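This report concerns only the one structure given below.
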Amino acid sequence: MKKEQINNDIQLNSSAKLVHLLGLEGLSKQHLTHILDVADGLIGANGRLKKSKALDDMSIANLFFEPSTRTRNTFEIAGKRTSANIINVDLANSATKKNESLLDTMHTLSAMQIDMFVIRHKQSGMPHYVAENIDNVAILNAGDGINAHPTQALLDMLTIRQHKQKFEHLSVAIVGDIVHSRVAHSDIEALKTLGVQDIRLIAPKGLQYDNKNCTVLKCFDDIEAGLKGIDVVMVLRLQKERMIEADIPNEQEYFANYGLTPERLALAKPDAIVMHPGPINRGVEIDTRVADGGQSVIFEQVTNGIAVRMAVMEILAGKS
Ligand code: CP
Numbered sequence: 000m001k002k003e004q005i006n007n008d009i010q011l012n013s014s015a016k017l018v019h020l021l022g023l024e025g026l027s028k029q030h031l032t033h034i035l036d037v038a039d040g041l042i043g044a045n046g047r048l049k050k051s052k053a054l055d056d057m058s059i060a061n062l063f064f065e066p067s068t069r070t071r072n073t074f075e076i077a078g079k080r081t082s083a084n085i086i087n088v089d090l091a092n093s094a095t096k097k098n099e100s101l102l103d104t105m106h107t108l109s110a111m112q113i114d115m116f117v118i119r120h121k122q123s124g125m126p127h128y129v130a131e132n133i134d135n136v137a138i139l140n141a142g143d144g145i146n147a148h149p150t151q152a153l154l155d156m157l158t159i160r161q162h163k164q165k166f167e168h169l170s171v172a173i174v175g176d177i178v179h180s181r182v183a184h185s186d187i188e189a190l191k192t193l194g195v196q197d198i199r200l201i202a203p204k205g206l207q208y209d210n211k212n213c214t215v216l217k218c219f220d221d222i223e224a225g226l227k228g229i230d231v232v233m234v235l236r237l238q239k240e241r242m243i244e245a246d247i248p249n250e251q252e253y254f255a256n257y258g259l260t261p262e263r264l265a266l267a268k269p270d271a272i273v274m275h276p277g278p279i280n281r282g283v284e285i286d287t288r289v290a291d292g293g294q295s296v297i298f299e300q301v302t303n304g305i306a307v308r309m310a311v312m313e314i315l316a317g318k319s
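Residue numbers (numbering that gives the first Met the number 0): 0 to 319.
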């Protein structure tokens, strides 16, 4: 599906209440802040996640058509911590292998009285297509092609807010394969909506966002110039599964030119935080000393994924 055909209009009802989470375009600062506030409220004073009974009458299906470690498992944990009945649909052994269409599979699961579908798919726009064609099921986009990964961006915003409190005066750099990254696309939306004025996109020309966006955002192909005085550095892996052969950079050359090393990180503010959605490729986009260093918040992002996914499920269920 082309980008212009993908819109999130149906995720809000006529009262601007969230009924699906398909993407962050079209959501207001109030929507995003409410999700972050509910997520924060689910984290206890000791940093442990709370349990809730909010979804004890609901069933949720995890439908991952692409591999995942963080998103799939944190959705499952989030479902259990909100007391929902959550199933991981075994798509490799499902009737889709007997040529059942995606919509027939979805209608079949809906007939099992499942209330929410969490969908990851390699095709951009697939969660939107399901939302348009299945009634009475809330759709959560867990990453579609190169289009969007809204819960990843929300957990990133929660992590930034925990460390930096406010967004308006921050300088945030996104470094790496921006053009193929659904995470970058959703992060850019969230940062803009939450008021960040200085968003820097650092990438070689072939992996940079399109030129139209570089008129609003600040695009750099020189990593040292882009990192100067930054508060937050978000590092992305090379999304080889979405590249054609001609696009795939030589990894050693890429690391030499764009890898986040301690020397390059020293150009950022001394209290800058380093983020990465994972999975990380050490020695390709990030030096292992940075990934494991004192400024890295990579594992905090993973834990925050549970709180954010609990919050989104509760909000979609009308419980928060
Ligand atoms: N960040 C992220 O989407 O990771 P997974 O592919 O492991 O879910």
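We treat Cβ as the ideally placed atom computed from N, Cα and C, and that holds for glycine. Predicted model, so just to flag it, every value in this text is computed and none were measured.
In chain order, each beta strand (DSSP E) run of at least 3 residues that lies wholly inside the region 76–134 | 84–87, 115–120
Can you list, in chain order, the residues of its chain whose CB lies under 8 Å from that of residue 271, leaving out five sequence neighbours each side?
-> 229, 230, 231, 232, 264, 294
Rounded to whole angstroms, what's the CA-CA distance from residue 132 to residue 59? Just pull it up for me.
-> 18 Å
6 Å CB neighbourhood of residue 108 in its chain, flanking five on each side removed | 60
Cβ pair count under 8 Å reaching 3, the region 193–201 against the region 18–26 | In short, these stretches do not touch, since the Cβ pair count stays below three.
What's the C-alpha gap between residue 292 and residue 301?
-> Residue 292 and residue 301: Cα-Cα distance of roughly 16 Å.
Residue 320 Cβ short of 6 Å to the ligand CP heavy atom set | As shown, the chain starts at 0 and ends at 319. That puts residue 320 outside it, with no answer to give.
Along the alpha helix (DSSP H) that carries residue 156, what are the first and last residues, could you check?
-> 149–163
State the DSSP-derived secondary structure class of residue 289, mapped to helix, strand or coil.
-> Reduced to three states, the DSSP call for residue 289 is helix.
Under a Cβ-count criterion, where at least 16 other Cβ atoms within 10 Å of its own Cβ denotes burial, should residue 213 be classed as buried or exposed?
-> exposed
Could you tell me which of 147, 220, 175 sits nearest to residue 188, measuring between CA atoms?
-> 147
Is residue 70 near the ligand CP, in the sense that its beta carbon is under 6 Å from a heavy atom of that ligand?
-> yes
Coarse secondary structure for residue 226, derived from DSSP in three states = helix
Taking only the alpha-carbon atoms, compute the straight-line gap between residue 318 and residue 53 and give it to the nearest angstrom.
-> 6 Å
Closest by C-alpha distance to residue 234, when choosing among 204, 40, 171 = Closest by alpha carbon: 171.
Could you please give the first and the last residue of the uninterrupted alpha helix (DSSP H) stretch that includes residue 199?
-> Unbroken run through residue 199 is the beta strand (DSSP E), 197–201; no alpha helix (DSSP H).
Hey, would you say residue 200 sits closer than 7 Å to residue 177, going by beta carbons?
-> Yes, the Cβ-Cβ distance between residue 200 and residue 177 is below 7 Å.
Inter-residue spacing [alpha-carbon to alpha-carbon] between residue 32 and residue 267 | 27 Å
Are the beta-carbon atoms belonging to residue 116 and residue 90 less than 7 Å from one another?
-> no
When every heavy atom of the ligand CP is checked, does at least one fall within less than 6 Å of the C-beta of residue 67?
-> yes
Consider the C-beta atom of residue 277 and the heavy atoms of the ligand CP; say whether any pair is separated by less than 6 Å.
-> Within the cutoff, so yes.
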